[in-house]
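Data first, discussion second: the structure below is written as structure tokens.
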Amino acid sequence: MTACAESAPQAKQLLLLGDRDYPPVNFIENGVAKGVMIDMVQAISQAMGRHVTIELTDWEDAQVKVQEGEADGLIGMSVTEERKKLFDFTAPVAKNEFSLFIRSTDTNIKDINNLDGLTVAVTGGGLPRHFMEARPGIRLVQVDTYLDGLRRLIDGRVDVFAADRWVAAYAIQKNDIRGVKIAGTPFASLPAAIALRKGNPQLVGEFDKAIAGLQHNGTIGRILDKWRPQEMVFLTQGRVREIVVTTVSIFLLLIAVFMAVWISALKKQIRERKKTGEALRLSEDRLRATIENTPNVAVQWYDEQGQIQFWNRASEHIFGWNAQEAIGRTLGQLIFTPEEGTAFRSMLQQIKQSGKTIGPREYNFHRKDGAAGVCLSTIFGIPFEEGTSLFVCMDVDITDRKQADAEIRQLLDQVRQDALELEKHVAERTAQLKAANEQLEAFAYSVSHDLKAPLRGIDGYSRLLLQDYAPRLDDDGRFFIATIRESAQQMQQLIDDLLAYSRLERRTLAISAIQLPAFADAILETFSSQLESRGIILKKTINPATIKADAEGLGIALRNLVDNALKFTLNTPNPVIEIGGNETETSYILWVRDNGIGFDMQYHDRIFEIFQRLQRVEEYPGTGIGLALVNKSMERMAGRAWAQSSVGMGAAFYLEVPR
Amino acid sequence: MNNCTKPILLVEDNPVDVDLTRRAFVRQKVSNPIEVARDGEEALEWIRRWEAGADRPVVILLDLKLPRVSGLEVLRQLKTHPLFSTIPVVILTTSSEDSDVKTAYELGANSYIVKPVDFDKFQQVVQQVELYWNVINEPPR
Numbered sequence: 014m015t016a017c018a019e020s021a022p023q024a025k026q027l028l029l030l031g032d033r034d035y036p037p038v039n040f041i042e043n044g045v046a047k048g049v050m051i052d053m054v055q056a057i058s059q060a061m062g063r064h065v066t067i068e069l070t071d072w073e074d075a076q077v078k079v080q081e082g083e084a085d086g087l088i089g090m091s092v093t094e095e096r097k098k099l100f101d102f103t104a105p106v107a108k109n110e111f112s113l114f115i116r117s118t119d120t121n122i123k124d125i126n127n128l129d130g131l132t133v134a135v136t137g138g139g140l141p142r143h144f145m146e147a148r149p150g151i152r153l154v155q156v157d158t159y160l161d162g163l164r165r166l167i168d169g170r171v172d173v174f175a176a177d178r179w180v181a182a183y184a185i186q187k188n189d190i191r192g193v194k195i196a197g198t199p200f201a202s203l204p205a206a207i208a209l210r211k212g213n214p215q216l217v218g219e220f221d222k223a224i225a226g227l228q229h230n231g232t233i234g235r236i237l238d239k240w241r242p243q244e245m246v247f248l249t250q251g252r253v254r255e256i257v258v259t260t261v262s263i264f265l266l267l268i269a270v271f272m273a274v275w276i277s278a279l280k281k282q283i284r285e286r287k288k289t290g291e292a293l294r295l296s297e298d299r300l301r302a303t304i305e306n307t308p309n310v311a312v313q314w315y316d317e318q319g320q321i322q323f324w325n326r327a328s329e330h331i332f333g334w335n336a337q338e339a340i341g342r343t344l345g346q347l348i349f350t351p352e353e354g355t356a357f358r359s360m361l362q363q364i365k366q367s368g369k370t371i372g373p374r375e376y377n378f379h380r381k382d383g384a385a386g387v388c389l390s391t392i393f394g395i396p397f398e399e400g401t402s403l404f405v406c407m408d409v410d411i412t413d414r415k416q417a418d419a420e421i422r423q424l425l426d427q428v429r430q431d432a433l434e435l436e437k438h439v440a441e442r443t444a445q446l447k448a449a450n451e452q453l454e455a456f457a458y459s460v461s462h463d464l465k466a467p468l469r470g471i472d473g474y475s476r477l478l479l480q481d482y483a484p485r486l487d488d489d490g491r492f493f494i495a496t497i498r499e500s501a502q503q504m505q506q507l508i509d510d511l512l513a514y515s516r517l518e519r520r521t522l523a524i525s526a527i528q529l530p531a532f533a534d535a536i537l538e539t540f541s542s543q544l545e546s547r548g549i550i551l552k553k554t555i556n557p558a559t560i561k562a563d564a565e566g567l568g569i570a571l572r573n574l575v576d577n578a579l580k581f582t583l584n585t586p587n588p589v590i591e592i593g594g595n596e597t598e599t600s601y602i603l604w605v606r607d608n609g610i611g612f613d614m615q616y617h618d619r620i621f622e623i624f625q626r627l628q629r630v631e632e633y634p635g636t637g638i639g640l641a642l643v644n645k646s647m648e649r650m651a652g653r654a655w656a657q658s659s660v661g662m663g664a665a666f667y668l669e670v671p672r
Numbered sequence: 269m270n271n272c273t274k275p276i277l278l279v280e281d282n283p284v285d286v287d288l289t290r291r292a293f294v295r296q297k298v299s300n301p302i303e304v305a306r307d308g309e310e311a312l313e314w315i316r317r318w319e320a321g322a323d324r325p326v327v328i329l330l331d332l333k334l335p336r337v338s339g340l341e342v343l344r345q346l347k348t349h350p351l352f353s354t355i356p357v358v359i360l361t362t363s364s365e366d367s368d369v370k371t372a373y374e375l376g377a378n379s380y381i382v383k384p385v386d387f388d389k390f391q392q393v394v395q396q397v398e399l400y401w402n403v404i405n406e407p408p409r
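Just so you know, the sequences run in chain order A and B.
According to my numbering, the stretch in the first sequence is residues 14 to 672, in order.
According to my numbering, the stretch in the second sequence is residues 269 to 409, in order.
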């Protein structure tokens, strides 16, 4: 089977032969010659201006025909030294590479050097055959076509198919052959050129010139490029498919994984949203229930027009209007006057603009039943739908508290007024007391001066009478005068005692630290001669201490008690006076004990009253002032005096000085 | 100058006391004339008389409780007087009030005697007074 491609008719016609089955270098498709060399030769013939006929036939026959002169040359022949002896080669137009094709499962064959003992397929007349024949360990099998070689390789009839890489790859792709791969790098790479019959250097020069021109203007490159992509595709078709399949699979897998993850995430998100939504709804329900049922705190929501949107139970309770009545209305229609309602609305606007909370503030309101009340309110705004605000108001009813406050204030005013009055009373009483005190002082002064003056007269003239007129008086007369004088003396004593008592009451206290027993010792010292002359046994059992007391007052008390003891032991054989002192938790107690006549305890209080006497004056002289002075002085320093006795068994007098 | 001819000024409103005091002086053999001022004003009048050249007293016996001008006021004027502050003043009173004693001495009283009711005791007081002024008025030898 032959096919011809004709170039432009010029000068002498040339006949070039090529392999009919060497796609894509040169091959016949649907009766037309095609291939990279066909394009190449057509371009060259045009450049040379010659008519070139290409005939594709059996490659071995073609070579013989050229050598015998039946044709001018061969297209697409690999240039070897041996072939150069047979043909004249033009400049190279392409490069032929030869590779080992093996089964893709085969991993042992790497290159041409480990083919010993293997069956290798080659096509007839091609360079691979020539290469393989040079290696004696190889079992060489010749195949007719590239397809045959490839099929035998897949069948396992041969181990290797040694062939033109470009051509074999084309066959693999064209016939959809799977399971074939190239082992290693090409075992040979040779320039491909046009082989011309020997002996026509002029023609070779003509070809070379044209080829050089085509090289130069890029035509050869373009032709190679035209076919090269095909080569690339053909070469990698299987691999490409694998790669594509793998890539697509991986991509799909990735997408699947991504989708899975995404779906799972979405599901989770949906679950969470659902959960959140539920939680939110629950939370809102709880919140609403809480607000609804919060006792004592009235909560309402208002829109920007002041219309009530929410009204909890406490609001109902405080304001008397129920939610049904209140919602949709304004406060001006319920609990405020219209003016107050307007003021409330403008306050809402103010809150919206400032974003600030107002309150807590007190507001007066009227309940549904008309009763006036006061609430303490806080109002703030929260963002609502479409840029509007919702206002929340919280109130505590302080009506009762306000009333209580008012009452307290009234009471306080009353108390204050009472206090003022009391103060006034106290001031008045103080002034009265002061006046009374002054009067008392004036009285005491008068007593001392005015009462004594006549006494001096009585005593003075009695004395003068006695001195100057005694001889003219009888015994009775003289006794009378003596009695007058005695009475005057007694009266003087009473006046002096009274003055002493009043002085004790009026004098200013001077509290100081008093050392015991030193203080008592100093007082007892003044009685020493009396005690000694009467042979009185004095016992002292005063525990040392420092007490705080009015020294003069305490001195008066102690002196009077010793006086008392001395007086009431006058008729006692072996008189004994004991003075003791002891500290207690809250006070210091001093006592004076005697073994004198004692007294009946039924009079234990009376003995401390002024001018009270239990004994007749002839037996135990005295005015009855002593114990009154004791009592008074102890009273003045917040202490006290008391006595223990029984008739004939002596007496004990106690003084208690507080700490 | 004889001390015995110089007067004693007794400032005393109670006539009984005036009489008893005179008698006590007589019984103590004091021969000086006794001038009497019956209240505070009369006592101040005496000061004016002395300023006019009347004989000033050897001693002034001054009661505190007096009608009109009080004894303490009389004492104050006497003791701040440029000429008569040196005249000895014996307070002779019934008051034994601490405040009176304190004030009297602060104003410059030379002595403070509480009048005893007992006439015998009073006579002793008078004797002491006489001794007192005789000592302080003794001219320098």
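Every residue, glycine too, gets a C-beta built ideally from N, C-alpha and C.
These numbers were taken from a predicted model, which means no experiment stands behind them.
Evaluate contact between the stretch 589-600 of chain A and the stretch 298-312 of chain B, counting only Cβ atoms and requiring at least three cross-stretch pairs below 8 angstroms. no
Given 8 angstroms, three or more beta-carbon pairs between the stretch 542-560 of chain A and the stretch 618-625 of chain A: no
What's the C-alpha gap between A:Y514 and B:V342? Taking the first sequence and counting its residues from 1, the one referred to as residue 514 of chain A is at position 501. Taking the second sequence and counting its residues from 1, the one referred to as residue 342 of chain B is at position 74. Going by the C-alpha atoms only, they are around 30 angstroms apart.
Under 8 angstroms by Cβ, that's how I've got A:L99 and A:T66 pegged, so tell me the actual separation to the nearest angstrom. Walking along the first sequence from the start, residue 99 of chain A turns up at place 86. Walking along the first sequence from the start, residue 66 of chain A turns up at place 53. With a Cβ gap of about 22 angstroms, A:L99 and A:T66 do not count as contacting.
In the structure shown, what three-state DSSP assignment does A:D316 receive? The residue you call residue 316 of chain A lines up with position 303 of the first sequence. If DSSP states are grouped into helix, strand and coil, A:D316 belongs with coil.
Ends of the beta strand (DSSP E) at A:I555? Residue 555 of chain A sits at position 542 when you count from the first residue of the first sequence. A:I555 -> beta strand (DSSP E) spans 550-555.
Would A:K552 count as contacting chain B if we go by Cβ distances under 9 angstroms? As a first step, residue 552 of chain A must be located in the first sequence, where it is residue number 539. False, the Cβ-Cβ gap to chain B never drops below 9 angstroms.
Under 8 angstroms, with one C-beta from each stretch per pair, do the stretch 172-180 of chain A and the stretch 66-76 of chain A reach the 3-pair mark? no
Taking A:Q505 as the query, report the chain B residues whose CB atoms sit under 7 angstroms from its CB, ordered along the chain. Against the first sequence, residue 505 of chain A aligns to sequence position 492. Near A:Q505 (Cβ distances below 7 angstroms), the residues of chain B are V385.
Spatial neighbours of A:Q215 in its chain, beta-carbon cut-off 8 angstroms, leaving aside the 5 residues before and after: Here the question's residue 215 of chain A lines up with position 202 in the first sequence. There are no such residues.
Give the residues of chain B in contact with A:D481, contact being defined as C-beta atoms less than 8 angstroms apart. One-based indexing of the first sequence puts residue 481 of chain A at position 468. Correct list: empty, because the minimum Cβ distance to chain B is about 10 angstroms.
I want to know whether the stretch 606-615 of chain A touches the stretch 644-659 of chain A - three or more CB-CB distances under 8 angstroms. yes
Sequence-distant residues of the same chain with beta carbon closer than 8 angstroms to A:F200, five excluded per side: By one-based count along the first sequence, residue 200 of chain A stands at place 187. Once the five neighbours on either side are set aside, the close Cβ partners of A:F200 are F111, S112, L113, D124, I125, F144, A175.
Consult DSSP for A:G394 and reduce its assignment to one of helix, strand or coil. Taking the first sequence and counting its residues from 1, the one referred to as residue 394 of chain A is at position 381. DSSP places A:G394 in strand when its eight states are reduced to three.
Give the DSSP-derived three-state secondary structure of A:L248 in the structure shown. One-based indexing of the first sequence puts residue 248 of chain A at position 235. Unreliable positioning characterises A:L248 in this predicted model, as indicated by a pLDDT of 45, which lies under 50. A coordinate reading is not provided.
For A:L468, count neighbouring Cβ atoms within 10 angstroms of its own Cβ and tell me buried if that reaches 16, exposed if not. Numbered from its first residue, the first sequence carries residue 468 of chain A at position 455. It is buried - the Cβ of A:L468 has at least 16 other Cβ atoms within 10 Å.
Can B:V337 and B:A311 be called in contact, C-beta distance under 9 angstroms? Along the second sequence, one-based indexing puts residue 337 of chain B at 69. Along the second sequence, one-based indexing puts residue 311 of chain B at 43. Against a cut-off of 9 angstroms, the Cβ pair of B:A311 and B:V337 comes out as a contact.
Along chain B, which residues have their Cβ under 9 angstroms away from the Cβ of A:L466? For the purposes of this step, residue 466 of chain A is taken as residue 453 along the first sequence, with counting starting at 1. Note that residue 466 of chain A is Ala in the sequence shown, not Leu. Near A:A466 (Cβ distances below 9 angstroms), the residues of chain B are N282, V284, D285, T362, K383.
Is the Cβ-Cβ distance between A:S402 and A:I364 less than 9 angstroms? Looking up residue 402 of chain A in the first sequence gives position 389. Looking up residue 364 of chain A in the first sequence gives position 351. Going by C-beta atoms, A:S402 is nearer than 9 angstroms to A:I364.
When DSSP labels each residue in this structure, what does A:P242 get in the three-state scheme? Taking the first sequence and counting its residues from 1, the one referred to as residue 242 of chain A is at position 229. Residue placement at A:P242 is flagged as unreliable, the pLDDT there being 49, under the threshold of 50; a coordinate-derived value is accordingly withheld.
Residue closest to A:G473, alpha-carbon to alpha-carbon, out of B:F390, B:Y400, B:V397, B:E398: By 1-based counting over the first sequence, the position of residue 473 of chain A is 460. The shortest C-alpha separation from A:G473 is found at B:F390.
Tell me which same chain residues have a C-beta within less than 6 angstroms of the C-beta of B:V393, skipping the five on either side of it? Looking up residue 393 of chain B in the second sequence gives position 125. Hits under 6 angstroms: I381.
I need the straight-line Cα distance from A:D238 to A:M53, nearest angstrom please. Residue numbering aside, residue 238 of chain A sits at position 225 when the first sequence is read from its first letter. Residue numbering aside, residue 53 of chain A sits at position 40 when the first sequence is read from its first letter. If you take the alpha carbons of A:D238 and A:M53, they lie about 12 angstroms apart.
N- and C-terminal bounds of the alpha helix (DSSP H) containing A:M50: In the first sequence, residue 50 of chain A corresponds to position 37, counting from 1. Element bounds for A:M50: 49-61.
By the DSSP assignment, the beta strand (DSSP E) with A:K25 in it spans what residues? Translated into the one-based positions of the first sequence, residue 25 of chain A becomes position 12. First-last for A:K25: undefined, no H or E at that position.
Does any C-beta atom of chain B lie closer than 9 angstroms to the C-beta of A:Y475? By one-based count along the first sequence, residue 475 of chain A stands at place 462. Sequence inspection shows Ser at residue 475 of chain A; the Tyr mentioned does not correspond to that position. By this cut-off, A:S475 is an interface position.
Assuming the contact rule is C-beta atoms closer than 8 angstroms, A:K465 and A:I508 should be a hit. Round their C-beta distance to whole Å, please. If you number the first sequence from 1, residue 465 of chain A lands on position 452. If you number the first sequence from 1, residue 508 of chain A lands on position 495. That belief holds up - the Cβ atoms of A:K465 and A:I508 are roughly 6 angstroms apart, short of 8 angstroms.
Can you check DSSP and say which residues form a bridge with A:Y606? Mapped onto the first sequence, residue 606 of chain A falls at position 593. Checking the displayed sequence, the identity of residue 606 of chain A turns out to be Arg instead of Tyr. BP columns for A:R606 point to A:E591, A:A665.
Quick one: what's got a C-beta closer than 8 angstroms to A:P242's C-beta in the same chain, skipping five residues either side? Here residue 242 of chain A refers to the residue found at position 229 when the first sequence is read from its first residue. Confidence at A:P242 is low in this model, with a pLDDT of 49, below 50, so the placement of that residue is unreliable and no value is reported for it.
Helix, strand or coil at A:G637 according to DSSP, with G and I counted as helix: Sequence index remark: in the first sequence, residue 637 of chain A carries index 624 (1-based). Three-state result, A:G637: coil.
Would you report the Cα separation of A:L163 and A:I185, rounded to the nearest angstrom? By one-based count along the first sequence, residue 163 of chain A stands at place 150. By one-based count along the first sequence, residue 185 of chain A stands at place 172. In a straight line, the C-alpha of A:L163 is about 8 angstroms away from that of A:I185.
Is A:Q445 close to chain B, meaning its C-beta is less than 9 angstroms from at least one C-beta of that chain? Residue numbering aside, residue 445 of chain A sits at position 432 when the first sequence is read from its first letter. It does not: the Cβ of A:Q445 has no partner Cβ on chain B nearer than 9 angstroms.
9 angstroms is my cut-off, CB to CB: does B:D307 come that close to chain A? Locating residue 307 of chain B in the second sequence gives position 39, counting from the first residue. So, not an interface residue.
Would you kindly report the start and end of the unbroken beta strand (DSSP E) that includes A:S515? Within the first sequence, numbered from 1, the residue matching residue 515 of chain A stands at position 502. Per DSSP, A:S515 belongs to no beta strand (DSSP E); it is in the alpha helix (DSSP H), 488-519.
Specify the secondary structure class of B:D386 as computed by DSSP and reduced to three states. Walking along the second sequence from the start, residue 386 of chain B turns up at place 118. In this structure, B:D386 counts as coil in the three-state DSSP scheme.
With contact counted as at least three CB pairs below 8 angstroms, one residue from each stretch, are the stretch 407-415 of chain A and the stretch 298-311 of chain A in contact? yes
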